[in-house]
Structure formats: structure tokens, C-alpha cells
Amino acid sequence: MPEPILAEPDVQFIRELIADGGGGLKKCFQCATCSAVCDMSDQAVSFPRKQMIMAQWGMRDELLKDAGVWVCHDCGDCTAHCPRDVNPARIMSAIRQQAIRNFAFPAFMGELAAKPATSILILIPAALLALLAMLPLQFTHQWSTIIPQPLLLLLLVAVTALMLCIFAVEITRFVRALRAGGAEGSILSALGPTLNEIGGHGKAATARMVDFVIRRLNPKTGAQAQYITGCKEEKRRYLAHMLVMVLVLLPLVEIPLPVLHPLKLFINVCGLAGVTIFIVNRLRPEVRAKSTPFDWSLLVLLESIFLTGLLFEVVRPLNLEPLMYGFYFAHFTFIFALLLYAPYSKLAHALYRTVAMAATWEKQQRLLHAALVPEHSSESHTTCVSCGTPGKDGISYS
Amino acid sequence: MDKKLGLYICSGCSIGDSVDVDKLAGVAQKGNKLAVCQTHPFLCGNEGAAMIRGDIERGVVDAVVIAACSPRVKAESFSFDPRMVLERVNLREHVAWSHEAKHEDTQAMAEDYVRMGLVKAEKMEPLEPLPEDTISRTVLVVGGGVAGVSAALDSAAAGYDVVLVEKQPQLGGFVKGLKKVFPTHAPYTEASVDGLTDKLQAVVSNPHIRVFCSTRIVKTEGQPGMFDVTIEEASGTSVHRVGAIVMATGWQPYDATKLGSLGYGLPNVITNVELEQMAARGQIARPSDGKLAKRVLFLQCAGSREQDHLAYCSSVCCMTTLKQTEYIREQDSQAEVFVVYRDIVTPGPYEKYYSKVQDHPLNFFMKGKVTQVAAAAGDRVQVSLDSELLGAPMQVTADLVVLATGMVPNSADGPAIRALRDANAKLARNESETQCKDAETVIAQMKHHEGTEILNLSYRQGPDLPVLQDGFPDSKFVCFPYESMRTGIYAAGAVRAPMDAALTEEDAGGAVMKAIQCIELATRGQAVHPRTGDLSYPSFFLQRCTQCKRCTEECPFGSLDEDEKGTPKFNPYRCRRCGICMGACPERIVSFKNYSVDMIASMVKAIEVPDEFEEKPRILVLACENDAYPALDMAGQGRQQYDPSVRIIPLRCLGSMNIVWIADALSRGIDGVLLLGCKFGDDYECHFMRGSELANRRLENVKETLQRLQLESERIHLQQLGMDDYARLPQIINEFAARIREIGPNPYKGF
């Protein structure tokens, strides 16, 4: 006999959700149209309808423990079909925002990151760098008169390490919450397939991405990109994400390579293109209306990093000193800001979502396959006919 | 006086392709003395109709038989003096369209139908309207709430004076006592403040409306057009002559003392009505300590949609709760309001109001079933429920719980009160022991009806309207929602069905239109629905009456009262001309000028019955004109073919079937009798309430007789159907015919 849920709505939570863009929250009258169109939902799991009613009732704790909120890939189908203009996709985003704020370590940083006035925090890395610049040390490289390179590298490593430690604490808290919320799967063993999944569905990832690009350029050719079957709204995002993933190659930029080196060029162009796509997407009127500073700050930061980096490399051969040093300084300020505030900004979803997906991997696999690969819905297979992933101990794809 | 009978046969609409109309005419002329016998290829056209009209005007014919399409169509082409004898024989839908063309069986069928039509026309008499009476054009409105007041204003505006009677000292009913009413105009997001003041003002100042408050009805005698209503005020009684009655007595809240399981009885559990009264007077406070409630919980469907309480939804409780959440919010903007519901019913534009109320961050809606309501510390109330939306049990502790209870109609159960009175009378007369025991059982069951009379009709069948199990006046709902089982009395507003004030205003208008229709038809001596405009009426040959009381009991509308000896007294304006009395009478003393036992019996005898060697059975089909006959027509329209052994005779209602017709049919050698009529039972569809049920009961008696005569009781079958069963009809008929063939020919053939 399950313990009854004691109804004590967290009104502050509700107000925060509404302020974070979830204005349609109370309008939901539980018709479950969103659940009917959602790929993540099946007969046993009524997603996101249940999350809506939990949000309406200010059930903050339950929502923060819910892995489903993170597994949602924000395709927007629910919003597209909602008869009451509730915008469940936006409310999901708002809940994720709340989660990031909640698991933030230390807690006050989470609160600060939520406010638009956060931009003044940029001054901290700027101050740090300025400090370094004022150290009377002599090095060989031209631009090291501004900031000594070895120190810069040291700082980079230190900040990255700090970021990773903070993430570690946050993820530990998160996993504890997920376990309390019922997600029982082994995370580590599911990490590999999860990353595969995110990258684009295993072996066919590259093929699908190319196919997707071709289809975008010429809609008439190209086979059905099955990864995005159910997702009618945010197809652009897949491309943009893939392009921005080049961030992981960022450290390679630090190797002194000529500007026109193909690798460097590739990273710069991809990164810039990706972020620009994100920004252009968010500038669409219907998306802009529902965006909050939380959404914009990350994009602006990323774009600034790529722009200042690119501009620096353009100006460097021309040897325009003040501009050169300015861009350089700004570039690294933004980089450190990104790293330091990653655990509190929207970027944190990269870890939260991955962990949540891994924790619910087995279950989600079944649902996703049933939705994306029609033959799974009607027959029993012991391995997925599409990608060959085996079913486990009696779990068949049907 | 000998009739000048004219037979007109149409060969259009492929009738001519199916039967030989000339041969038909020949057969008709041989058997009957006809003044005119004409065929025409297009009888309903200008030329054809003119031909008939011409013959009538020149006095060549004074009784007309038209053998063409169904009597349900082309009435405007074949409209003559409504009093003249006119019989329509259906050669199109029932012969040409539903049977094989040029077949001898089809020809035989057509010949039979023409013969039957002629024999009936021979016996019909021109109609004479009811003797002129002074019909009152005043409408009595019972009840002065929103329904009664709206009805009064509508009636007066249409030119019909009103007598308005109200039990309470002031007009206005429930709506007057509300703090606010549901939104009355776009954008439907604000509750309106005043529902009724203008209308009350208008009623009181209208010279055509006489208002009597603190008044009750002592007695209602008479019939539509001539009701004599005795009312009693503080100052004494008076009698008023009215033409029709609108019953607008409204509703009362469901008795919450029966809702102990939902916590009623705990200090801070109140009903929606109690909350409204509090709000109208001033502040909504907790009854236990008079403080404001920080958290209020509304329980919807309290005592509604339950087997043990009210079975139905009252349609207004959800909107009432939404409105009341705003009262709470007005007092305290930080109050938390919870609504636990099974469904939210906000029809039409009220949906916008629901959307608006939902939008407030401190309103919480949850779909679920309440499992327990218990007391909590500090006189708070703990409500446990199974939340359907979360799939888990929940618990809410509130300062104040409001039960959204439903509406119960203010009606009186006429037949029940009568049964109670009869039982009391039996005891008083000191009847036999078994009779007294029966009477006591009845009294125990019906005791709660004591003193509930409203209309106090001086009708033999009871002092008030018959009601359904929930207390709403019985009507043949699907077709005639405003009607009641007493002609000239129309229910409006919440006493008819649960509804809000806006719908009630419209409803009152509808009932008034029915009342006006009734009055106007009475002035012309015509019947009301479903035989609207019918000039015929039953006459009773009382010399042969044996006072068996079947007609007075079986008339669905209580048209017949009795004198002390038990002789029926007919009230023509209550009558709907169904003929159920005619079917009931064992002495056959009831007849209409154009519909009688003899006429139908003669039609049965006019059917030619082949002898048993020809192996052509004959089946008599008695079809009621309300659902069965149209279904037969529709089967014909769809060109559905069925067994040609049937001979269809339309009846006004299966209830008008007299057993003697079956006896006549069987003694003539007809092999089977199929009765087709509307459905009866709890969800009855009989247009005259219980005609087909009565026919069914009479059949049970017949079957006994049949068995004694060594005739198979399966030869007689009553089939219930709806008009929408037309697709099944051929199958029904063919199966019955097959069954009859199996049983074998009627042994009385040839006698």
C-alpha cells in the first residue's frame, strides 16, 4: 500500500516556473494529447502529462527526482498539439532550469546564475586574467606580455579541474535523487550506448548525419532520417548540436598552428556555424517570446568565444596591437567564464541529460525503438532489426 | 346516406410498372359501388390533384380513396376539406417498391390493399369538430423563480395573460439569493452580478401578469383550454380559468445529511448552497471559529452520479464551484483553493471561465475519487483521495471543505400519491385481511409522498404529473422533451431537468410556446402532439359500458375521469387521439369517426385468403404509425424486398389494438399476426407512453386463448422496433413468414 502523497504545494516553485517561461502551466486540463504524441510516452508512462499536473501542484521534490524530465529531447511535438496553449515543452525546460539551480554546488551559485544580473560575474575571470597580466614576467611569445602562456595553461587546467569537481558533486546529488525517484539502471554500463545514442544511433550515426544534411539541402532526395522521425519541430537543433560538439576538440586549438591549417579552420567554422544556427533559431518570434536570460546567456557566451577567437586570428597577421591584445584577453575571459559557470548554466544539461538517459537506458530503449522503428511495434524480436542491439533476458522489442 | 365514393389510382413512381393498374381499377369497381374510378400517371401533380378537386367541387364524390404513395407524403397535394372522408392506400412504398414487379403476388397485394381502403372509406364518416367551447387564453405559471418569471414575461409578450403563483412570500427563487451568477456575456470570464432584478420588476409592473405570492394551489379541475384552478392566499381562495399550465417549480438542494461519508456533520464541512448563502450575506468563514479559511477544498459530484444518491449530473455544480473559488479569492488573495473532481462540466462558452479560473497559481485541480473525509487537528478536515492523474493516493488537509451537491426537482409524484390515498382509503373501508396487508405495504413505501402535492389535479389517475425515477416529469423525451403525461401541462426549468439560469430562461420560452400551441389547437378543436391538428376524437357509447375501468386506467394521459358509479367521463381536450381506450374496451364502445374497431375488423375481413392448397400464407401486420410505419416506408424507399404474404394495416398506436381483430384474423384463416410497434420498457420510445406495452400485455391473454383453440401461440408476435431499424425490417418480416410456413397453414382456413 503506497504512502499517500501529502498535498503541500510549493507555491514559490510554481511562481518560479511561471517566471522561467512556464506561463501556460495552470492551463493544462490533463487531456493527455501531449502524451499521445510524445515519443517518450507509452501506456505505462504518461509523459509529459503527469509532469504537468505535478508542476501545477508544486510537487517540487518529485519533479527534481524525475529522470523523464531530462530524457525529453525537447522536440516540441507536445507544444505543437496542445489544445490549451500550455507549452509543455517550455515547462519542461523550466523544470530543468530549476533542477540545475537545485543541484548547484555551492547553492548560492545556482541562485546567482538564474538571474540576468549574472553577467557581472564575468568580471571575476576578467579580474583573474588582469591580475596575471600584471605579473612582471618575461616570456618569448609576443602575446605572452599580456598573459604568460604557462600560467594561462595552468589556470585553464585548474579551472577545468574545479569545474569537473563541482560537476562531480552535482551529479552525485542528482544520481541520488534519480535513484529515489525510481531509476534503477546501472549508469556506468549504459554510458557507452547512451553516448552512441546521442551521437546519432550507433553505427549509422555518420550515415544518418550526412543523410540528414543532404535531406536538408535537398528535401527530395535522401532516405528517411529515422532518428528524427517523431521530432517535427526542432530538427535544426541536431545539426547545430553536432557542429558545436566540436568544442571537445577545442584543446587542439591551443597547439600553435597556422591560421589556415585545415583542422583549425574546421573547428572554427563548425563551431561558429553551430552556435549561429542556435541563435538564429532562437530569434524566431515564437521561440524568442518564450526564451529567458538563462537560454540567451549560454548562447551569447559561446558566440562571443568563437567570434573573439576568429577575430583575433584575423587581426594577428595584420599585427594591429591594441585590437589583437583586446580580442585575446576577451577570448580567454569568455572561455574561463564558460568553464567556471558550466555547472550552473544551461550547458550543465550535457551531463545531466546523459546521466539521466543512462539511468533509464533499458526502459527508454524499448520505447524509442517502438516509436521510431514501426516493425518493432508489432512483432517480437530478440534483437533490434534496425541496429542489432540485443534484447536482454526475455525483453523483446515489441 | 350513401357515400359517393371516388377511387383514384396513381401509376406514377413505378407503381404502373409494378402492378397492372387498369386491372386493379376493374377489380375495385366489380366489388364496390364507385362514383368515380380513375387511374392517372401523375396524381400528385397539378393536373391530377385538380381532377380530384374538381370531382369534389362538382359533388361527384364526397369520399375519396387515393391509391398511390404513402400517406406520410404529399399531404399538401392531396389536401382537401379536413373533415371530408379521405383514405390513402399505400401502393408505392408498401407494394411497388418492396416487391417483385409484375408478379401475381404483388398484384394480389395491391388488390387487397385497394379493397381494404375502400371498405374503410365506406365506414368512415366526415369529421365533426368538437362543439365550440370557450377556451381560455390565459396561462397559469406555477412558480416564481427564474423559470416562472421568464415564462410569464414571454407569455404576456406573446399576448397571453398570465396567472403566476408562488409559494414563497417573494418572487425570485434561488437565483435571487445568489451573490453572483454565471457569466452571461462574452468573453465569459467574469461572473455577472445581477441575474434577475430587471425581470422581477418587469413581471410585477406588467398589467397582463397577475402575481400571487404566499399562495398554494388547492385544486386544478377541468382540461386544457378550460382548467379551473383554485388557489389559496392568506386572504382566502379564488378560482381562475386558464388554458394551459407551465410548471416551473424549480429545485431544492440534495439533502446533505445523507453525505456523512463525505464528512457532512463535521463542523467545517458545508455545502455549496450554504457557502453561497454565506457569501451573499457577507463573509465566508469557517463555521467552527468564524475565521477565514486559508485553504478551501471543493468536492465535486458530492452525492451525484452515484447509485446510492442522485444518479445524474446536475450540470451546474462545477460552474458554481468555479464561481465560488472567486468569492474566496476576493476575500483572501493568498488563499489556496483545491478542487477534487470526477469530471469538470463547463459546457459551451463556460469553458472560457474554467480556463480563467484554472490559470490562477493558487487554484489546484485534481481528478480523483474521494476515499475518506476525516477530522483533523484544529477542526481542520483531512481528505484522502485516489488521484487518477498521478496514479497514487493523496491527502489534503483543508480548513474548510465544500460539498458540491446537486439539484433535486420540486415535483410531486402523482401516481404515487394516488396509490397512497387509495391504500389509506382501503384501510378506512376495512377491506379483507389480504387487501389491508397489501395496503399497509403500499403505505409504508409511499409514506414520504404525503403532503407533497403541488398541482392537486382532480384527475382520476392522480393529483400530479407522473414522474420518472429521479423525480423529473415523465415525457417521451426523445421526441417531445417539453411534454408531460398530462396534456396542457408543461414543465420548464430545473424541475424538468437540471440546468442553470441562462438555459432556464430559454427553457421557459419553450414551455410557453407549447402552452400557447395547446391553447390555440384547443380553440380549433384539434389535438396536440403527436397527432397535431387531428380533428377526430373518440366517442363513447355509454349505454353498453360495463364500468370495467380499463379505459380510465389505461389512458396514458388521464383523459377519462369517473363518476361515483365508475362510468367514464371523457375530457376531450386532454385527449391525444391515440385510441388506446378503443383497444382496451372489451365491449368495443369507443370509436372515432375515422377510426373504429369495426373499420379495422372490416379491413381484416377484406383480405382475400387463399386456401391451404395454394401454399400462399397470409400474414396480418398491424403497424403503429409512429415508428413502425415510417420504418416500412423507409424499407420501401431503399427498395428492400420482403415476403409478399404480408398485409399491413396502420394503427394510430399499438395500444389501440383491440383483441377482436386478432380473433377475426385467425377465424378468417389468416396464418399469422405480426405487431410492429415502438419500444417499451424503461427507455420507452412509444409515442403515447405505454401503448405498445399495453398491446403486449393484452397479447399474453390472447395466447392463452389460442392454446385452448389448439392454435400455436407463435402465430402472434409483437416486435419492438425503432424507426432506425428499417434496414432490419425485411429480415424481421421474412423470418416471421418463414416461421409461419414452418408451423403450417391455419387450420381454420376455409371455414
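Quick note, the sequences are listed as chains W and C, same order.
Okay, so the first sequence: first residue is 437 according to the numbering used here, each after it adds one.
Okay, so the second sequence: first residue is 744 according to the numbering used here, each after it adds one.
Just so it is clear, CB atoms sit at the ideal spot from N, CA and C, and this is done for glycine as well.
Which stretch, first to last residue, makes up the beta strand (DSSP E) that contains LYS1312 (chain C)? 1311-1313
THR1148 (chain C) and TYR997 (chain C) - do their beta-carbons sit closer together than 8 Å? yes
Excluding the 5 residues preceding and the 5 following GLY1276 (chain C) in the sequence, name in chain order all residues of the same chain whose CB lies nearer than 6 Å to its CB. GLN1269
Name the one or two DSSP bridge partners that ASN1106 (chain C) has. C:VAL1080
Whole beta strand (DSSP E) runs in the region 1117-1156 of chain C with 3 or more residues, listed along the chain? 1123-1130, 1135-1141, 1143-1146, 1150-1152
In three-state DSSP terms, what is TYR1496 (chain C)? Lying before the first or after the last residue shown, residue 1496 (chain C) is absent from chain C, which here runs from 744 to 1494.
Which chain W residues are close to PHE1107 (chain C), counting only those with a beta carbon under 7 Å from its beta carbon? PRO445, GLN492, TRP493
Less than 7 Å between C-beta atoms, sequence neighbours within five positions excluded: which residues of the same chain meet that for SER1031 (chain C)? PRO1010, ASN1011, ASP1122
Evaluate GLN1286 (chain C) with the Cβ neighbour count: other Cβ atoms within 10 Å of its Cβ, from every protein chain shown; 16 or more gives buried, anything less gives exposed. exposed
Which residue or residues does DSSP assign as beta-bridge partners of ARG1390 (chain C)? C:LEU1363
Validate contact between the region 838-846 of chain C and the region 779-789 of chain C using beta carbons, cut 8 Å, 3 pairs: no
Looking only at its own chain, which residues have a Cβ that is under 7 Å from the Cβ of VAL447 (chain W), when we skip the five neighbours before and after it? GLY494
Please state if the CB of LEU1419 (chain C) and the CB of ALA1366 (chain C) are separated by a distance shorter than 8 Å. yes
Count the other CB atoms within 10 Å of the CB of LYS1112 (chain C); is the residue buried (16 or more) or exposed (fewer)? exposed
Secondary structure of TRP840 (chain C), DSSP reduced to three states: coil
Count the other CB atoms within 10 Å of the CB of HIS577 (chain W); is the residue buried (16 or more) or exposed (fewer)? For HIS577 (chain W), the pLDDT reaches just 48, beneath the cut-off of 50, and the residue's location in the model is therefore unreliable, although a value from the coordinates is still provided. By the neighbour-count rule (16 or more Cβ atoms within 10 Å), HIS577 (chain W) is not buried but exposed.
HIS783 (chain C) bridges to which residues according to DSSP? C:CYS753
Minimum C-alpha distance to PRO1373 (chain C) - residue among C:ALA1244, C:ASP1467, C:THR1089: C:ASP1467
Can you tell me where the beta strand (DSSP E) holding SER471 (chain W) begins and where it ends? Note, SER471 (chain W): premise wrong, no beta strand (DSSP E); alpha helix (DSSP H) at 469-473.
Since GLY920 (chain C) and LEU943 (chain C) should fall inside the 8 Å C-beta cutoff, what is the C-beta to C-beta distance between them, to a whole number of angstroms? About 13 Å separates the two Cβ atoms, so there is no contact after all.
So what's GLN1518 (chain C) in DSSP terms, helix, strand or just coil? No answer is possible for residue 1518 (chain C): the residues shown for chain C start at 744 and end at 1494.
For GLU693 (chain C), three-class secondary structure by DSSP: Outside the shown range of chain C (744 to 1494) lies residue 693 (chain C), about which nothing can therefore be said.
Any idea which residues DSSP pairs THR973 (chain C) with across the strands? C:LYS962, C:VAL982
Between which residues of its own chain and GLY617 (chain W) is the CB-CB distance below 6 Å, once the five residues before and five after are set aside? LYS501, ASP502
Residue range of the beta strand (DSSP E) that includes PRO830 (chain C): The sequence as given places Glu at residue 830 (chain C); Pro does not occur at that position. Start and end: 828-833.
Reducing DSSP to helix, strand and coil, say where ILE741 (chain W) ends up. helix
Reference PRO719 (chain C), options C:ALA1141, C:LYS1312, C:GLY993, C:TYR1096, closest by Cα: Residue 719 (chain C) lies beyond the range of chain C shown here (744 to 1494); nothing can be said about it.
Please report how far the alpha carbon of MET760 (chain W) lies from the alpha carbon of LEU743 (chain W), in whole angstroms. 13 Å
Would ASP1414 (chain C) pass as a contact of PRO1360 (chain C) if the rule is Cβ separation under 8 Å? yes
Where does GLN466 (chain W) sit, in a helix, a strand or coil, going by DSSP? coil
Starting from SER1076 (chain C), find everything on chain W with Cβ-Cβ shorter than 9 Å and list it in chain order. Going along chain W, no residue has its Cβ under 9 Å from SER1076 (chain C), so there is no contact; the nearest lies around 12 Å.
When the cut-off is 8 Å and only beta carbons count, does ARG526 (chain W) lie next to chain C? no
Helix, strand or coil at HIS1460 (chain C) according to DSSP, with G and I counted as helix: strand
Span separating the alpha-carbon of ALA792 (chain W) from that of ASN1106 (chain C): 32 Å
Per-residue contacts from SER1127 (chain C) into chain W (C-beta, under 9 Å): PRO440
Contacts around CYS1328 (chain C), its chain only, beta-carbon distance under 7 Å, and the 5 residues preceding and following it disregarded: ARG1293, CYS1294
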